[in-house]
Every structure is written in C-alpha cells, then in structure tokens.
Amino acid sequence: MSASQRRSPMRTLLALALTLTLAAPAAAQEVKIRFAGNLPPANSNSRAMEVFKQEVEKRSGGTMKVDVFPAMQLGGAKDNLDQVKSGTLQAAYLSTAFMTGYVAKLGVFNLPFVFKDRETAFKVLDGPIGKELEREMERAGFKNLGFWENGWRHMTNSKRAIATPDDLSGLKIRLQNNSVHLRTFKLLGANPVPMDIKEVYSAMQQGVIDGHENPYCNTLNLKFYEVQKYLSVSGHFYDLMGAIMNKRFYDGLGKDRQAIVDQASRAATEFQRKQAAEDDLKCLDQLKQKGMQVNTMSPAALATFRATTLPVYKEFEKELTKELIDRFAAANK
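At the far end of the sequence shown sits residue 646, using the working numbering, and the numbering has no gaps.
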C-alpha cells in the first residue's frame, strides 16, 4: 500500500469533519437576547424577566442566552421602546401607555377606570380582544411576549390628601407622556406634567412637581415616600405592561426557538401576574410603615372621579373606535 493510499482514510475523516462543521445547523449557534426594563430589580416585572431568562436558557440547553437589564440600565421606557423597534435591543417590558404612538388602539387600556378588577382585565387580555391587539402590535413590528401588569395607579403628593377632584386643583402632577392620561388629569383640575420616571424623584425633591400617580410598589421601590406625604387610593388607571420583542428577531429564530421563547413567555407571564397581586398588598403596608398618610376614597368619591373623567371616552372615541370601547364596557358588566 502506498503512502498516499494509507493517508486516504485520514483525509476522508478530516473532510467529513470540515463538512459537518460548515453545515452545522443554526440551532447549534448561540443566540443572545438582551431584555431591558425601567423598574427596580424587586419589581415583579423585573423578576419576571429573570423567570424568562431561566426558562429560555434551561429549555434551550444553554444555546440561547438572555441578559437582563432592569432599573433603566439601558434607558427609560421610551428609550427601550425605540430600541426594540429599531432592533438594537431584542426585548423589553414597559407600560403600553408608551406604545400608543405605534399601536393607537392600545390607548384603550389608558382610559380611566377601564377595568373593575384584575379578573376582568385578564379575561379581556387573554381573550379575543387581546389577540386582536397582539396582531396590531405585530404589524407595528413588535412580538407580544405577554400582557403583564403594574397594578392600579394611585395618586401621591406633598400638599394634601385627595378626596375629591377639587382637591387636585392647581397641583402639578407628573404623568406618563400619554394623551389620554394627560387629558384625564386636566379634566380633574390638576396641572399635568409629562415626565419620564427617571426624573421624578429629583423633580419632587426640588418642588418642580407636587405629586405623581403610580402603583404602590413603584412608589415604594423608587422611594417616592421620602418626598411625598399623601397617598390617595384612587385606582384611576390600570397600568398594563407589554413584554415585547422585536418581530424581525423573533421571526428569525426558527420554529424550535420560537417555541422556547413562547413557553418561557407563558411561564414569565403567569409568575408576574400572580406576584403583582401579592406585592400590591405588601407594598401598601410598607408605605404605611414608612409614614405615608393613606386616604382610601369612598365609593361616592370614586363615582365623582369617574363622572368627571367620562368625557375622555367620547373625546378619544374616534382614535380608539367606539366598537372597541363598547366591548371593554361590556366586559365590565
């Protein structure tokens, strides 16, 4: 046997190894997902990111890696939204109030007193209306990983307890830069000030604003109790959070990896919703312990707030569609 013949099997094995390496499926290549949020690590939304990370990495056998960035590490909510839209960030969670510029109908969740309780909210979100809105989000370039929540929003301020709309007269109240929210507080007699959450503490401290509105846990975790004395339990807005992914990125994952993302998203959503409800009660108790004066509004007072803000529904009827608003109203009966 010649030397060249003896080397032939070795050449064959090397050639085969090279072929297999070059033809390795995309699934064997590591995928990295950067997932950002604007709330502190203790918030249930930030903890749900961790659940998503654990599920994706476990189900993918480590071929998919998720890096999480809570607490505005990659910017505020609007920054994260634009980053996901452009594809420079793969995923984020944020209030759907920020998304109405891309998906106008998400503005229906911003209407005052839109849900009577969590059960009603989840029934709508997980039903036909939620699916329709998900399709609208996809057309805008976003894959919905789950409708999360931040709880009901309540008013705080440094001046006085709020028991009626008249008590809001002239108060500078920070709001998300959302047309429905701003109009709602204008009707209530306040002076609404749009501002990103990262600027709120210093604005309160310096007297630029008198107050704001947020779920209990945001007020606690962001330490607003240090610069706010009064908490009024109004529950005027339901703070829906969208966990979103860049649609092009999701589409490029392939079916197997999409299934992993979908399964991880369901686990994260289930965790987040359960945890948010539990955290609400704990955070309210802690705010009381921190010295905030908590004013629980009477049913009659809340009815006055609802009546005062009712014109918002009519004013945004064209933008949100009467049909969609009526379906939400029917769900609350």
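The beta-carbon is built from N, C-alpha and C at its ideal position, and this holds for glycine as well.
With distances taken between CA atoms, proline 505 lies nearest to Val521 out of Tyr514, Lys511, Val521. Scanning the region 403-454 from its first residue to its last, the whole beta strand (DSSP E) runs of 3-plus residues come out as 404-408. For a cut-off of 8 angstroms, the C-beta gap from asparagine 645 to threonine 497 is around 17 angstroms, too long to register as a contact. Put simply, the region 508-527 touches the region 467-486. At least three CB pairs are less than 8 angstroms apart.
With 16 or more other Cβ atoms inside 10 Å of its own Cβ, lysine 456 counts as buried. The C-beta separation of lysine 429 from leucine 633 comes to about 19 angstroms, leaving the pair out of contact by the 8 angstroms criterion. Between tyrosine 415 and glycine 350 the beta-carbon gap is near 18 angstroms, outside 8 angstroms, which marks them as no contact.
Ranked by how close their Cα comes to the Cα of glutamine 599, the residues Tyr563, Asp569, Leu544 have Leu544 in first place. For proline 612 and serine 357, the gap between their C-alpha atoms comes out near 29 angstroms. Between the region 621-633 and the region 550-568 there are fewer than three inter-stretch CB-CB distances shorter than 8 angstroms, so the stretches are not counted as touching. Annotation for asparagine 559: the continuous beta strand (DSSP E) segment containing it runs 543-559. Ranking Tyr514, Ser373, Val379, Gly443 by CA distance to the CA of glutamate 363 puts Val379 first. Using a Cβ distance threshold of 8 angstroms, glutamine 518 and valine 540 count as a contacting pair.
The C-beta of serine 515 has fewer than 16 other C-beta atoms within 10 Å across all chains shown, which makes the residue exposed. About 5 angstroms separates the beta carbon of serine 547 from that of histidine 467, a gap short enough to meet the 8 angstroms contact definition. Membership of arginine 586 in the alpha helix (DSSP H) is indicated by the continuous run 568-602. With respect to the 8 angstroms criterion, threonine 622 and proline 425 are classified as neighbours on the basis of their beta carbons. Under the 10 Å beta carbon count, serine 399 is surrounded by fewer than 16 other beta carbons and is classified as exposed.
Per the DSSP secondary-structure output, isoleucine 486 pairs in a beta bridge with Pro505, Gly524. For the 8 angstroms CB-CB criterion, tryptophan 465 and methionine 554 do not form a contact. Distance between glutamine 606 and tyrosine 538, taken at the CA atoms: about 10 angstroms. Its chain contains Gly459 as the residues whose beta carbon lies nearer than 8 angstroms to that of arginine 579, once the 5 sequence neighbours on both sides are disregarded; these appear in chain order. Assigned with DSSP and collapsed to three states, glutamine 367 falls in helix. Leucine 501 and aspartate 479 have their alpha carbons spaced roughly 8 angstroms apart.
For methionine 517, the enclosing alpha helix (DSSP H) starts and ends at 513-518.
For arginine 561, same chain residues with a beta-carbon under 8 angstroms away, outside a window of 5 residues either side, are Gly400, Gly454 in chain order.
When rounded, the separation of the alpha-carbon atoms in threonine 477 and phenylalanine 641 is 26 angstroms. DSSP, reduced to helix, strand and coil, places asparagine 356 outside both helices and strands of the structure shown, so it counts as coil. Selection Glu583, Lys499, Cys596 evaluated against leucine 535 yields Cys596 as nearest (Cα-Cα).
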